[in-house]
Structures are given as structure tokens and as C-alpha cells.
Amino acid sequence: MTDTGDFEDKQFAETEVADKVVEQYDELQARIFYKYVMGGGGLDIHYGAFTKETDTVYESSKETNKRLLTVLDWTRPLTADSVVLDLGSGHGGLSHECATRFPGVTVVGANISPEQNKMNLAEAAKLGVGDQISVVLANFNNGLPAEWTNKFTHILSCEVLCHAANKPELFNELTRVLQPGGAFVFTDIMGSDGADEKVLKDFTDRNATTKMARPSEYSGLLKDASFQEISYNDFSPHLVYYFQSMVDQVVKHKQDMMDEGVAEAYLDKWMASLTNRVEMQRDHKVFAWGIFSCRVDGPIF
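Sequential numbering of the sequence shown, starting at 168, is according to our numbering.
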């Protein structure tokens, strides 16, 4: 199996990011890795919030979903008339929970990975929320469909904007597709304010990114795009626990992943990267992570 998803010593131009995102997540070796190491067997391939030190990657990822949906509902109440855009919907775990927690809500996923989209719809049908969920194969770096203007009451995004080639352009697109008063809530992995890009190398070597954003940068970009009531819940202290949990998953499931076809060299590179992340975050706090919320001008419900 080829060693795809290895971006060592590369930081991509805007035109390259989309293809590299598909490589990172859609190739078989990567899907197996993320299933075990970030998903913990589930469909939530994103960072987790911990309620106790013994939480697993699966439990912490579910806690992130819970917090995201709570903040989304706080920012603008979710009702049966709400239409939610799940930007970068991945395998659909967050979409499914949104549809289950808020009956009648319509969720539209926009996602670049064909294989993930198939899994999303299959799981939605299995959970009995297939009538509430649809997914569009989309590269948001090329803009969003023209017919989506003022379509959505809410936009939700989880660990996706790090793959945005041009964040100012994307945020302007999001204001276009939101209805007046629409809410935008997201998490993303970032460099901490003041962090040198060079010390973030172990992340950019394993992820399809241009340059990592900073919390203060996102706040400024949201303001420039005319979002208001901008807030940020900083959960950066959770990252060291999550990075360590990822290391534990690699150790626990290395043979399982190799039995399914993942190359040992691929896992060894990930192990070195993750071990370095634990040390860097514990000792220097170079990564930042949390939930942003904001809305465009208009009705509050």
C-alpha cells in the first residue's frame, strides 16, 4: 500500500489543498487509521473534550458533539423549521446527532469525500433520520452553490476550516448562504497565538493545510465578514489528553490496523508525530482548539 497522506516538509498552495484533503481522508489506509485512532470505532473523526481523564477518544469526541450542538442552539434556537449546513460533514456523525437531538431539523452536509458521503447516508438511514439528512459532494474552496443564497438558518463545522485555502473568501460565502440572524458555530485546530509556524510542523506534515490559523486571527476574520456577537470557548487544555489518547489507540490497535492493510511505516510516522505533539502541547502549549460562535445581523430566533 502506498504511503499516501504523508505531507512531510510541505505546506500547500490554495489550489492544491482540496486534492490533498481527499488523499488524507478518503484513501483506504487513511480511513482505517482514522477509524481506529480518532474515531475509536465511531464516525466522529475530530478532537475530543474530556469530562474525566479516563475518557476514550470515542467518548471525548461525543462530548465535543454535545457541546457544539448546545452552543449552536444557544446562538439561535434549533426548531423543526431550521435548516443546518454541516460544512465538511465527514462521515456524518455530527449531522446524525443534530437530526436526532432536534427532531424535524433539516441537515445538509457539504463534503469533499465520496466514500465518507456514502457512509454518512447509510448510517443516517440506519438511525432512522435519513429523511432529515442529505449530503452534497462539494469542495468549499471553489465556493458554495449559487442557489444556496439565504438557504440556511445555521452553519455547523467541526475540524474543517484548517483545510480552507482562503478563509476570508469562505467566511464571505458563509454569510451569503445564511439567512438574516443565522448562526455559525465551529471548532478548529489552530496554532496558539504567538506560536511559531515552524513548531507546528508535526501537524502540517500529517495534514492537508496551507497555514494554521490562530484564535485571534479567526476572531478578526469573522468580524471582517460582518459576523457579530463573536465568542470563543477555549478548550485548548483538552488537546494534550486527546493527543495522548491517539498515541494509546495506535499502540492498542497497531496490529489490527496492519492486519487490515495499513503499512507499518505509515503508523511509525504517525506515532512519532503524535508523541511529539503530546510533548509540545504539554510543555509549550503551541496548539489551540475551541468552539467559536457568532451570527449575522437579523432575528435572534
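Built from N, CA and C at the ideal position, the CB exists for glycine as well.
Output needed for residue i: all residues of its chain with C-beta closer than 8 Å, excluding positions within five of it in sequence on either side, in chain order.
i           : result
glycine 297 : Leu288, Ala291
leucine 337 : Phe307, Asn308, Leu328, Ala331
With a threshold of 16 other CB atoms inside 10 Å of the CB of residue i, please say whether the residue is buried or exposed.
i                 : result
histidine 451     : exposed
tryptophan 456    : buried
asparagine 317    : exposed
lysine 229        : buried
phenylalanine 394 : buried
cysteine 269      : A small fix is needed here, since residue 269 is phenylalanine in this sequence, not cysteine. Looking at its Cβ environment, which holds 16 or more other Cβ atoms inside 10 Å, phenylalanine 269 is buried.
glutamate 314     : exposed
So, using beta-carbon positions, are residue i and residue j closer together than 9 Å?
i                 : j            : result
phenylalanine 410 : valine 445   : yes
isoleucine 397    : cysteine 461 : yes
leucine 252       : leucine 323  : yes
methionine 447    : valine 366   : yes
tyrosine 385      : lysine 334   : yes
glutamate 431     : lysine 421   : yes
leucine 388       : arginine 343 : no
What did DSSP end up calling residue i once you bin it into helix, strand or coil?
i                 : result
leucine 323       : strand
asparagine 333    : coil
serine 393        : coil
isoleucine 199    : helix
leucine 341       : helix
tyrosine 399      : strand
threonine 273     : strand
phenylalanine 307 : helix
Near residue i, what residues of its chain come up, given a Cβ to Cβ distance below 6 Å and the 5 sequence neighbours on each side ignored?
i              : result
alanine 247    : Gly271
tyrosine 408   : Phe217
asparagine 232 : Leu261, Glu264
methionine 166 : No statement about residue 166 is possible, as the shown extent of the chain runs from 168 to 468 and does not include it.
Let's see if you can read the secondary structure: which residues bound the alpha helix (DSSP H) around residue i?
i             : result
glutamine 299 : It is not in any alpha helix (DSSP H) - glutamine 299 carries neither H nor E in the DSSP assignment.
valine 445    : 431 to 451
aspartate 240 : 224 to 242
leucine 406   : 406 to 426
Tell me the residue span of the beta strand (DSSP E) that contains residue i.
i              : result
tryptophan 456 : 454 to 462
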